[in-house]
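Chemist: Position 82 (the sequence shown) corresponds to 82 in the UniProt record's numbering; numbering is contiguous.
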Amino acid sequence: MRQGLKNYLRVQRSDVLIEFISDEKNQMNDIVGEISSIIVERNNKEDMIALASVVKGSNLEKIKRIAIDRKDIDFIVRLATVPNMDWNDLEDAMIAILLEKQEKREGIPSDELYMATIFYKNILDADISKIENIMLQSENYSAMACFVSNVPGAHIEKFEQVVLATGRVRVLRQWKELVEFVSPRFDRKLEELEHDFNKNINFLKNWVEHNEETDERWQTVERISSEILSSKKAEQPAKPSRQKLFPFWKRK
Numbered sequence: 001m002r003q004g005l006k007n008y009l010r011v012q013r014s015d016v017l018i019e020f021i022s023d024e025k026n027q028m029n030d031i032v033g034e035i036s037s038i039i040v041e042r043n044n045k046e047d048m049i050a051l052a053s054v055v056k057g058s059n060l061e062k063i064k065r066i067a068i069d070r071k072d073i074d075f076i077v078r079l080a081t082v083p084n085m086d087w088n089d090l091e092d093a094m095i096a097i098l099l100e101k102q103e104k105r106e107g108i109p110s111d112e113l114y115m116a117t118i119f120y121k122n123i124l125d126a127d128i129s130k131i132e133n134i135m136l137q138s139e140n141y142s143a144m145a146c147f148v149s150n151v152p153g154a155h156i157e158k159f160e161q162v163v164l165a166t167g168r169v170r171v172l173r174q175w176k177e178l179v180e181f182v183s184p185r186f187d188r189k190l191e192e193l194e195h196d197f198n199k200n201i202n203f204l205k206n207w208v209e210h211n212e213e214t215d216e217r218w219q220t221v222e223r224i225s226s227e228i229l230s231s232k233k234a235e236q237p238a239k240p241s242r243q244k245l246f247p248f249w250k251r252k
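Below you can see the structure in the form of structure tokens.
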């Protein structure tokens, strides 16, 4: 390729270059290679994703390697559905990134769990067992609900078990709102928890309204509270995290 043409290509906008080689008539190897090098050097994720949809072979592999090296799950997931892309390496990279964060107890951001859900929703041949264990340990109940509602073959019973194990009324209510179906066992457990929950709230309301603030009163409250906590601990050996739920997704 002549230096003059190289110089001309380098002063063009990225979207112009990508659109140019999207036409098969313009896909000469030297031009595609030069434009690919220009886009990669500019290091813009959106441009590289757009380029990936029109190139093949080594040019496509180069973009895939950049996404993996960046440990950028958004980049990885969006590349996975590009035509001619071998998604197996991308899946392995995504799982490795999530496992590393989980093992280091850094906490996996919600958006990365949602992106993982998109990956398995779109890539039907992928092995969902790789991501299910990560989801089950995430303690992110809204992300779990999104996963089981959107990914074919997800084992909802495993997720229900994790949610039920929290023993938290608010978490169970949230789960029931987000998923399409819950089991009869789930409904029964929620009903039991809500009964105890409302009973305790009403007790506290009545106590505050009808009793003077005396030392004897608060000693009684402390004793009752200790009994309640002891019974809850007996039912629930593992103490769940106090994660707040702010779901932005809901199945329609």
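Quick reminder that beta carbons are idealized off the backbone N, C-alpha and C, glycines included.
Keep in mind that this is a model prediction, so the values were computed, not measured.
If the criterion is Cβ atoms closer than 9 Å, does the pair N84 and L60 meet it?
Modeler: yes
Chemist: Can you say whether Y120 is buried or exposed, counting buried as having 16 or more other CB atoms within 10 angstroms of its CB?
Modeler: buried
Chemist: Hey, out of V179, P152, E132, whose CA is closest to S142's CA?
Modeler: It is V179.
Chemist: Please determine whether the Cβ atom of K6 lies at a distance below 8 Å from any heavy atom of the ligand GDP.
Modeler: Although the ligand GDP was asked about, the structure shown includes no ligands whatsoever.
Chemist: Count the C-beta pairs between the region 13-20 and the region 33-52 that are closer than 8 Å, then say yes if the count reaches three, no if not.
Modeler: Yes, the region 13-20 is in contact with the region 33-52.
Chemist: Taking the Cβ atom as the reference point for each residue, do residue 253 and L172 lie within a distance shorter than 9 Å?
Modeler: In the structure as shown, the chain begins at 1 and stops at 252. Residue 253 is therefore absent and cannot be evaluated.
Chemist: Just how far apart, CA to CA, sit N44 and K176?
Modeler: 41 Å
Chemist: Pick from T166, G167, V182: whose alpha carbon is nearest that of I156?
Modeler: V182
Chemist: When burial is assigned at 16 or more other CB atoms within 10 Å of the CB, is V208 buried or exposed?
Modeler: With fewer than 16 other Cβ atoms within 10 Å, it is exposed.
Chemist: Given residue 335, which residues of its chain have a CB within under 7 Å of its CB, disregarding the five upstream and five downstream residues?
Modeler: Because the chain here runs from 1 to 252, residue 335 falls outside it and cannot be looked at.
Chemist: Can you say whether E91 is buried or exposed, counting buried as having 16 or more other CB atoms within 10 angstroms of its CB?
Modeler: buried
Chemist: Counting only the same chain and skipping the five closest in sequence on each side, list residues whose C-beta sits under 6 Å from that of M94.
Modeler: I73, I76
Chemist: So residue 272 is in the alpha helix (DSSP H); what residue range does that whole segment cover?
Modeler: Absent from the model: residue 272. The displayed extent of the chain is 1 to 252, so no value can be given.
Chemist: With distance defined between alpha-carbon atoms, name the residue in I39, D187, I66, D86 nearest to S126.
Modeler: Contrary to the premise, residue 126 reads as Ala rather than Ser in this sequence. Ranking I39, D187, I66, D86 by CA distance to the CA of A126 puts D86 first.
Chemist: Would you kindly report the start and end of the unbroken alpha helix (DSSP H) that includes T166?
Modeler: T166 -> alpha helix (DSSP H) spans 156-166.
Chemist: Could you spell out the range, first to last residue, of the alpha helix (DSSP H) harbouring F147?
Modeler: 141-150
Chemist: Our contact map puts A154 next to I128 with C-beta atoms below 8 Å; I'd like the distance itself, whole angstroms only.
Modeler: 6 Å
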